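Below is one structure, written out as structure tokens; comments come after it.
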Amino acid sequence: MANTYSQCYMHLIFAVRNRDALILDSWSSELEKYITGIVQDEGHKLIAIGTAHDHIHIFIGYNTIKSIPKLVEQIKTSSNNWIKQRKLSPFKFSWQNGYGCFSHSHSQIDSVAKYVLTQREHHKKKSFKDEYLSILNKNDMAFEERYLFDFFEGVSL
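In terms of the UniProt record's numbering, the sequence shown opens at residue 1 and continues consecutively.
In structure tokens:
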């Protein structure tokens, strides 16, 4: 439609099932490139992507005519199959149900991108559980703990 403008930035977060630390350094950059292709093929602009051993952050310029749930489903299904076909994990790999999706303003692009790109370093100091709860609280998100990702205490990375 003529004279229609939109600008949305979305930060997606989801975890490996059971929070298993299955995303290895040896292939995490390949996974990030693969997911970048999915995001771009779906008409979004990838701004930053960062994997930790047990979860992933994806920061996009969101194409508002597309559906976030469909994008997340496409990313999870395709990347899960990609990992299995290449036998990258000696253990059964799959993503947990659910995801987080948080909007950001244009003025936050640089800081959010830097945060996403430094996930491995960030998680040397802060657990994924603490990080995720902090993000939910900063965004005043109402949530029930029983519906959050499976957070297992003592999971080592």
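Ideal Cβ positions, reconstructed from N, Cα and C, are used throughout, including at glycine. These figures come from a predicted structure and were not determined experimentally.
Grouping DSSP H, G and I as helix and E and B as strand, with all else coil, what is residue i?
{"i": "Gly-100", "result": "strand"}
{"i": "Tyr-132", "result": "helix"}
{"i": "Gly-37", "result": "helix"}
{"i": "Glu-121", "result": "helix"}
{"i": "Glu-145", "result": "helix"}
{"i": "Lys-138", "result": "helix"}
{"i": "Ser-156", "result": "Any reading at Ser-156 is ruled out, since the residue's pLDDT is 43, under 50, leaving its predicted position unreliable."}
Might you give, ordered along the chain, the residues of its own chain that have their beta carbon closer than 7 Å to the beta carbon of residue i, omitting 5 neighbours on each side?
{"i": "Trp-82", "result": "Tyr-34"}
{"i": "Asn-80", "result": "Phe-93, Ser-94, Trp-95"}
{"i": "Glu-42", "result": "Lys-66, Leu-71, Gln-74"}
{"i": "Ser-78", "result": "Ile-38"}
{"i": "Ala-113", "result": "Ile-47, Ala-48, Phe-59"}
{"i": "Thr-36", "result": "Leu-46, Ile-49"}
Spatial neighbours of residue i within its chain, please: C-beta separation below 8 Å, excluding the five flanking residues on both sides.
{"i": "Ala-142", "result": "none"}
{"i": "Ser-156", "result": "Confidence at Ser-156 is low in this model, with a pLDDT of 43, below 50, so its placement is unreliable and no value can be given for it."}
{"i": "Asn-139", "result": "Phe-102"}
{"i": "Glu-131", "result": "His-122, His-123"}
{"i": "Thr-64", "result": "Ser-6, Cys-8"}
Whole-angstrom Cβ separation of residue i and residue j, contact assumed at under 8 Å?
{"i": "Arg-17", "j": "Phe-128", "result": "Incorrect: roughly 13 Å between the Cβ atoms, too far for contact."}
{"i": "Lys-84", "j": "Gly-61", "result": "30 Å between Cβ atoms; not a contact."}
Using a C-beta cutoff of 8 Å, does residue i count as contacting chain C?
{"i": "Ile-109", "result": "You won't find chain C in this structure, because it holds only one protein chain."}
Ignore the nearest five residues each way along the sequence and tell me which others in residue i's own chain have a CB closer than 6 Å to its CB.
{"i": "Phe-50", "result": "Going by the sequence as given, residue 50 is Gly instead of Phe. Here the set comprises His-57, Val-116, Leu-117, Gln-119."}
{"i": "Leu-88", "result": "Trp-27"}
Is it the case that the Cβ atoms of residue i and residue j are separated by a distance below 8 Å?
{"i": "Ile-75", "j": "Phe-59", "result": "no"}
{"i": "Cys-101", "j": "Ile-68", "result": "yes"}
{"i": "Tyr-5", "j": "His-104", "result": "no"}
{"i": "Leu-22", "j": "Phe-91", "result": "yes"}
{"i": "Tyr-99", "j": "Leu-31", "result": "no"}
{"i": "His-123", "j": "Ala-52", "result": "yes"}
{"i": "His-106", "j": "Gln-40", "result": "no"}
* Whole runs of the beta strand (DSSP E) within the UniProt domain "Transposase IS200-like" (5–119), excluding any shorter than 3 residues -> 8–15, 45–51, 55–62, 100–104
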